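Asker: Take a look at the following structure, please.
Residue numbers (our numbering), protein chains in the order written: chain A, 1 to 498; chain B, 499 to 813; chain C, 814 to 1131.
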């Protein structure tokens, strides 16, 4: 193998209490395309963001060609030899193509404080032409171009100065056939030049086709690095998901029958850009799991059933024929919803635990149309304690709690409301093992007492361990259904997702 | 690409629309009030006021593109104008020009620094600071009316006012196009987080924008005091009303920034506003109608140029 | 660990006990200070009465803005709204006094509805909407009073006695307090202010609540306009001028965070208005020049805003 170009040593990054990447040590060689793969939240993007200056790492070092580098922002990274094409749109509207390409580098064209726009435009056009994108005009406002062209401009922006390491973060999903071809051409030329490309993608076929070596991340840890010629897509999937075998905190029962009674029915549901033509039935006393990749539209399903989606088409009906079209109706008809986006959608962060627990139940707490503060206090205390929330008291602000305790407050709210239909989106996301076990126990108790749970989850083990039925979604459609069975294999589920 | 489509994407599309609006408003009021509106003489008077407000509008543009606001520019104008009068008594034209530019710029700088340091909505910060600037303007005049001496009123009429205003517009256009500041202003306005990742010192350029705004407001003060020849100090936020006419020009600039040149849009926009003001007055409405026109026009511009996004949190 | 560290990093002026105690301490301090400086004159019977009579309008009008600000909005149209309502009240008082009050309330409610509609349905920042409205209705008031002030019924000032105005104000404040505290409205408004999206997911009808609060704020201003009308007996073009600024300063002095949210307390209104009134009355009594008063007010305002604002790290502030 050729020489090491970039050496990452013990890179570590925390976001609050989430340990995003855990002391990753990894080598990148000259003349390779090195893919990083892993589930959502496995830390791929965080790792490359630390390298290129979007985030600042907590500890560890990057050594490029024997010199330690430490980028404070993207442009700073560019000057040190690393560049990135980001997942989302990285160009700024309102600026011209040329201004976008040279953003942060205006000084190269500035003399005595005056920016030589003509030189900048000429240089930008020259670069565009050299990449074969002559139809893009450097002087045009970037808003004129569609998403794909803007990505191409970003590629020019990230590569024109011949960076030693180029990170391509999940760019291909946004590109069509033409764009992909151009991107791969650029990537190959960097490899052939003896430099290195770090390639992040969900498309395993594409990864196998393009990359020389593949590193797999899971929960912020490096699992393995393999040569792509030695592995198949199935091998990679196994490495990515890695079933937690010690599933002792999941349900242990199998073969219990689920009542036929349907408590919630969604017919012909569609939300533009998310999912289409979905029919779903939730039975009394069952846990229905929905799984899939993060972008498959499943997270919007929960919102749609809760009446929270905008522009939803189709109907959501309860057993008694009530139609659910808005959140307030949903809640008053005993539907609960815990969002994946806990901090923005589930909890009013800058408010007390008490208010957060009481909010949906304010009307129920009234005595003779009067709401007493002490009733709110005792209600909140009762359910927060029932969930064994770690807190100083119910007047504490939710923002000061850890992820697990925040989720407990969310659940306390809905247990207090005594909802019969509970929609949980990623209920154990970012939560430690102990609280996880509590939550699973609670779900099982609820199921036994005849409540119905819809659990949307990105964790396959959780789906298999908890759900009576599992629906797998792909690209906005249901792509498979499984019944609770100890013999289901995680690979069967994964095969339906990707 | 068809000719019309090509034209729609060119810089002149917006300008042509604005000019058509000018003709439309002129024609409507001319028909309704043929005697009292819109002859050449009067049009040049309308333009005179429009030129003044457009200078402040240019300054405000830097801030509004980024997202914040400055509601102290009225107080800034009052303060800078009375200082201009005082200094012109000592240093003649030099004092008249230099004093307001300095004080205006300084006020802008203070606005920017306080806004960044306190990390609070710029509306609130600048409203609070406006109280202080107003008080300072009273100190500067001892509560008396500041009257500009007959000898120093050249900037109140053609051609000097036109020249100064044109210089201001050119500076604005130049900064937007030929300096980093212009690029960064748009970059921050487009997406602050991405801009920050690209190494743009967001806080610094926000302060720069506030300072530039102050500078242009200083220039506007020269024109304002020269045209109006006197200025009374303000109190109890009465200077607030001076914010709106420049702000409307800025909104025109923002609305047309992708279809034409913002500076041109600001100037023509201000001219349209003046046509409307004077048109109503020509119809016999009392001057108080100006307030109503301003309120409705501003609301209409904002309503037409913002797209309501479902679920967006708007305070 | 990380949370412990955060705790110690909070500067003293942002600790909860400090932000709660601060406005109360400031109030007491100002009372004592001016009592000493004016050698007790400020709190002599006549002056107290005068002070109160000047406070009614501000107290009532602040109540509406208080609710708007609790949800994180701003309402700068109060002054002009008060003017318009006063015009309506004075005009109708010639027919029937009850009709006049109802008319004033309705006028305020309509303007409030416009505020709410533009803010909620067109998603325009409340500051911009209300400031446009302020301008617009200032023009309307000026137009209505172009030739001469609008006079009320000849006997309208008979209501201007302490028994009536005090009772009137206390009843309004009491009703507002009871609604705010004992119907869950307060909790809902604070939740909207602290996190609108989460409030929606907790089942609060955010859009409807917002519009209703703007309407209510308008109606309350209509009630305040009645006090204004009976005090003056007529309306001039300057009626209610700069009322919005006074309200804003008063609420901030009372410890109200400008961006609303969970730390809002109903007593902010009364504490704030009284602090503001005693502060200004005291400064006047000491013979301090108006410009100096304003300068001090501006500085105090900014300092208090800085103290009481909620700031999240990484939050983009426009």
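Beta carbons: idealized from backbone N, C-alpha and C, even for Gly.
If you're wondering where the values come from, they're calculated on a predicted model, not measured in any experiment.
Whose CA, out of C:1066, C:1106, C:830, C:1110, lies closest to the CA of residue 879 of chain C?
Answerer: For this step, residue 879 of chain C is matched to residue 66 along the third chain. Comparing Cα-Cα distances from residue 879 of chain C to each of C:1066, C:1106, C:830, C:1110, the minimum goes to C:1066.
Asker: Within the same chain, show all residues whose beta-carbon is closer than 7 Å to that of residue 303 of chain A, passing over the 5 residues directly before and after it, in chain order.
Answerer: Along the first chain, one-based indexing puts residue 303 of chain A at 303. Same-chain partners within the cutoff: 309.
Asker: Buried or exposed for residue 998 of chain C, please, with buried defined as at least 16 other CB atoms from any protein chain shown within 10 angstroms of its CB.
Answerer: The residue labelled residue 998 of chain C in the question sits at position 185 within the third chain. Answer is buried; the Cβ neighbour count reaches 16.
Asker: Would you mind telling me which residues of chain A sit closer than 9 Å to residue 514 of chain B, beta carbon to beta carbon, in chain order?
Answerer: Taking the first residue of the second chain as 1, we reach residue 514 of chain B at position 16. The contacting residues do not exist; residue 514 of chain B stays about 18 Å from chain A at best.
Asker: Going by CA-CA distance only, name the one from B:643, B:769, B:606 that's closest to residue 631 of chain B.
Answerer: Walking along the second chain from the start, residue 631 of chain B turns up at place 133. Ranking B:643, B:769, B:606 by Cα distance to residue 631 of chain B puts B:606 first.
Asker: Need the endpoints of the alpha helix (DSSP H) that residue 196 of chain A sits in, please.
Answerer: If you number the first chain from 1, residue 196 of chain A lands on position 196. Premise fails: residue 196 of chain A lies in the beta strand (DSSP E), 196-200, not in any alpha helix (DSSP H).
Asker: Let me know the secondary structure DSSP gives residue 15 of chain A once reduced to three states.
Answerer: Counting from 1 along the first chain, the entry for residue 15 of chain A is found at position 15. In the structure shown, residue 15 of chain A sits in a strand (DSSP, three-state: E or B).
Asker: Please tell me whether residue 767 of chain B and residue 735 of chain B are closer than 9 Å, where the distance is taken between their beta carbons.
Answerer: Position 269 of the second chain, counted from the first residue, corresponds to residue 767 of chain B. Position 237 of the second chain, counted from the first residue, corresponds to residue 735 of chain B. Result no, Cβ atoms of residue 767 of chain B and residue 735 of chain B do not sit closer than 9 Å.
Asker: Looking at the unbroken beta strand (DSSP E) that takes in residue 472 of chain A, where does it start and where does it end?
Answerer: To locate residue 472 of chain A, count along the first chain from 1; it is residue 472. Element bounds for residue 472 of chain A: 469-474.
Asker: Since residue 163 of chain A and residue 78 of chain A should fall inside the 8 Å C-beta cutoff, what is the C-beta to C-beta distance between them, to a whole number of angstroms?
Answerer: Residue numbering aside, residue 163 of chain A sits at position 163 when the first chain is read from its first letter. Residue numbering aside, residue 78 of chain A sits at position 78 when the first chain is read from its first letter. So it is a contact: roughly 7 Å between Cβ atoms.
Asker: Along the alpha helix (DSSP H) that carries residue 277 of chain A, what are the first and last residues, could you check?
Answerer: Mapped onto the first chain, residue 277 of chain A falls at position 277. Per DSSP, residue 277 of chain A belongs to no alpha helix (DSSP H); it is in the beta strand (DSSP E), 275-283.
Asker: Mark residue 988 of chain C as exposed unless 16 or more other C-beta atoms lie within 10 angstroms of its C-beta, in which case mark it buried.
Answerer: In the third chain, residue 988 of chain C corresponds to position 175, counting from 1. Exposed.
Asker: Could you name the residues of the same chain whose beta carbon sits closer than 8 Å to that of residue 937 of chain C, not counting the 5 residues immediately before and after it, in chain order?
Answerer: As a position in the third chain, residue 937 of chain C is number 124, starting the count at 1. So the qualifying residues of the chain are 931.
Asker: In chain C, which residues lie with their C-beta within 8 Å of the C-beta of residue 735 of chain B?
Answerer: Here the question's residue 735 of chain B lines up with position 237 in the second chain. Under the 8 Å cutoff, chain C gives 1055, 1058.
Asker: Counting Cβ pairs, one atom from each stretch, are 3 or more of them under 8 Å apart for the segment 565-576 of chain B and the segment 723-742 of chain B?
Answerer: Counting Cβ pairs under 8 Å, three or more are found: they touch.
Asker: Based on the DSSP output, what are the partners of residue 632 of chain B in its beta bridges?
Answerer: Here residue 632 of chain B refers to the residue found at position 134 of the second chain. Answer by DSSP bridge pairing: none, since residue 632 of chain B is not bridged.
Asker: Can you look up residue 115 of chain A in the DSSP assignment and give me helix, strand or coil?
Answerer: Against the first chain, residue 115 of chain A aligns to sequence position 115. Looking at residue 115 of chain A - three-state DSSP - the assignment turns out to be strand.
Asker: Chain C partners of residue 659 of chain B, CB-CB under 9 Å?
Answerer: Numbered from 1 along the second chain, position 161 holds the residue referred to as residue 659 of chain B. Within 9 Å Cβ-Cβ: nothing; residue 659 of chain B doesn't reach chain C, min ~26 Å.
Asker: Taking 8 Å as the cut-off, does the segment 253-261 of chain A touch the segment 230-238 of chain A (at least 3 CB pairs, one atom from each stretch)?
Answerer: Contact fails: fewer than three Cβ-Cβ distances are below 8 Å.
Asker: Which residues in chain C sit within 9 Å of residue 444 of chain B, going by Cβ to Cβ distance?
Answerer: There is no way to answer for residue 444 of chain B, as the model of chain B reaches only from 499 to 813.
Asker: Does DSSP put residue 264 of chain A in a helix, in a strand, or in coil?
Answerer: Walking along the first chain from the start, residue 264 of chain A turns up at place 264. Note: residue 264 of chain A maps to strand in three-state DSSP.
Asker: Taking only beta-carbon atoms, is residue 677 of chain B less than 9 Å away from chain A?
Answerer: If you number the second chain from 1, residue 677 of chain B lands on position 179. Interface residue, yes.
Asker: Under 9 Å between the Cβ atoms of residue 910 of chain C and residue 972 of chain C?
Answerer: Here the question's residue 910 of chain C lines up with position 97 in the third chain. Here the question's residue 972 of chain C lines up with position 159 in the third chain. Going by C-beta atoms, residue 910 of chain C is nearer than 9 Å to residue 972 of chain C.
Asker: In whole angstroms, what separates the C-alpha of residue 978 of chain C from that of residue 803 of chain B?
Answerer: As a first step, residue 978 of chain C must be located in the third chain, where it is residue number 165. As a first step, residue 803 of chain B must be located in the second chain, where it is residue number 305. For residue 978 of chain C and residue 803 of chain B, the distance between alpha carbons rounds to 45 Å.
Asker: Below 9 Å on C-beta distance, what does residue 554 of chain B contact in chain C?
Answerer: For this step, residue 554 of chain B is matched to residue 56 along the second chain. Those do not exist, as residue 554 of chain B stays about 17 Å from chain C at its closest Cβ, beyond 9 Å.
Asker: When the Cβ atoms of the segment 118-134 of chain A are set against those of the segment 37-57 of chain A, are three or more pairs found closer than 8 Å?
Answerer: As far as the Cβ criterion goes, the segment 118-134 of chain A does not touch the segment 37-57 of chain A, which means the pair count is below three.
Asker: Distance check for residue 666 of chain B and residue 597 of chain B, CA to CA, integer angstroms please.
Answerer: Residue numbering aside, residue 597 of chain B sits at position 99 when the second chain is read from its first letter. Residue numbering aside, residue 666 of chain B sits at position 168 when the second chain is read from its first letter. For residue 597 of chain B and residue 666 of chain B, the distance between alpha carbons rounds to 16 Å.
Asker: Could you pull out every residue in the same chain whose Cβ sits closer than 8 Å to the Cβ of residue 1059 of chain C, ignoring the five residues on either side in sequence?
Answerer: Mapped onto the third chain, residue 1059 of chain C falls at position 246. Result list for residue 1059 of chain C: 871, 1089, in chain order.
Asker: In chain order, which continuous runs of the beta strand (DSSP E) of length 3 or greater are located wholly inside the segment 421-445 of chain A?
Answerer: With a minimum length of 3 residues, the continuous beta strand (DSSP E) runs that stay inside the segment 421-445 of chain A are 421-425.
Asker: Looking only at its chain, what residues have a beta carbon closer than 6 Å to the beta carbon of residue 245 of chain A, apart from the 5 residues adjacent to it on each side?
Answerer: Within the first chain, residue 245 of chain A is the residue found at index 245, counting from 1. Confidence at residue 245 of chain A is low in this model, with a pLDDT of 45, below 50, so the placement of that residue is unreliable and no value is reported for it.
Asker: How many whole angstroms separate the CB atoms of residue 500 of chain A and residue 187 of chain A, which I take to be in contact at a CB cut-off of 8 Å?
Answerer: An answer regarding residue 500 of chain A cannot be provided, because it is not within the stretch 1 to 498 covered by chain A.
Asker: I'd like the span of the beta strand (DSSP E) that includes residue 479 of chain A, first residue to last.
Answerer: Locating residue 479 of chain A in the first chain gives position 479, where the first residue counts as 1. Unbroken beta strand (DSSP E) run through residue 479 of chain A: 477-483.
Asker: Residue 981 of chain C by DSSP, collapsed to three states: which one?
Answerer: Position 168 of the third chain holds residue 981 of chain C. Here residue 981 of chain C sits in helix by DSSP.
Asker: Under 9 Å between the Cβ atoms of residue 305 of chain A and residue 415 of chain A?
Answerer: Residue numbering aside, residue 305 of chain A sits at position 305 when the first chain is read from its first letter. Residue numbering aside, residue 415 of chain A sits at position 415 when the first chain is read from its first letter. Not closer than 9 Å, so no.
Asker: Looking at chain A, is there any beta carbon in it that lies within less than 9 Å of the beta carbon of residue 1003 of chain C?
Answerer: Position 190 of the third chain, counting from 1, holds the residue named residue 1003 of chain C. So, interface residue.
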